[in-house]
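Numbering (full-length UniProt numbering), first residue to last: 1 to 281.
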């Protein structure tokens, strides 16, 4: 302990004995270095979201330049930037688990936006769900994931039915068009979905262990009508519907979606995010 204190005292004396112009120059250089030092990527993401989603409310879509700015920041984030490695327990399953457990790492949430990471072991599934009135950015950090996404059909002629009710005891079904149905492997471009298009309803299936960073603006809110709803999907051909105007060769691109109450095929566990912390200014 005495050695450290003696060394500190010596450094202090040496500094005080420097010529004034040297002191000013050194201090100025250190100040400029501090100003040039970039914040951690997750902090940059937070600061960017504060700007992009400042006016956010239900149905808000950021202007193109803001979308590009946020996409660029997301594109540069790596698993290491958020403290993740593929060998962590989040990405393994055990024989005692009935379904692969998905872990959600909560980073930040306010009334304008939220940031978090879904960690999926192999075969983990986030069932088909919606994002009402929300713009969502997703960045696959590592691994391979199958994404299937839909938009509600709103552009058919008025006489074409877009909802059906299979029976009195079942909820009605609504017609949706498949937008994406493919595997994605990191590194790949962040995906963006919008309140009315871009695949607002989607399902994630882990082909391998994978992690996806999600930014939602604004976040889910029951009080403001942004409730997360889950769905079953059925092939278009499962039901015979008179009067619907869809070309025969396109019918495989359409499916019927039905709200579901029970989620017996998913287990999500919240965990503390242990990566670089967000500093709120």
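All C-beta atoms in this analysis are idealised placements derived from N, C-alpha and C, irrespective of residue type, glycine included.
Query: Residue 163 vs residue 173 beta-carbon contact at 8 Å; Result: yes
Query: Beta-carbon proximity of residue 58 to residue 133, cut-off 8 Å; Result: yes
Query: Unbroken stretches of the beta strand (DSSP E), 3 residues or longer, contained in the region 124-171; Result: 125-129, 135-142 and 144-152
Query: Where residue 255 falls, given that 16 or more other Cβ within 10 Å makes a residue buried; Result: buried
Query: Residue 93 versus residue 248 - alpha carbon distance; Result: 43 Å
Query: Own chain partners of residue 151 with C-beta closer than 8 Å, once the 5 adjacent residues on each side are dropped; Result: 176, 177, 179, 196, 197, 198, 199, 200 and 201
Query: Cβ contact (3+ pairs, closer than 8 Å) linking the region 203-221 and the region 126-142; Result: yes
Query: Nonlocal neighbours in the same chain, by C-beta distance under 6 Å from residue 84, ignoring five residues either side; Result: 211
Query: Rounded Cβ spacing between residue 190 and residue 71 (contact assumed at less than 8 Å); Result: 5 Å
Query: Given residue 154 as reference, the closest of 246, 138, 45 and 260 once Cα atoms are compared; Result: 246
Query: DSSP beta-bridge partners of residue 184; Result: 145
Query: Under the three-state DSSP convention, the category residue 275 falls into; Result: coil
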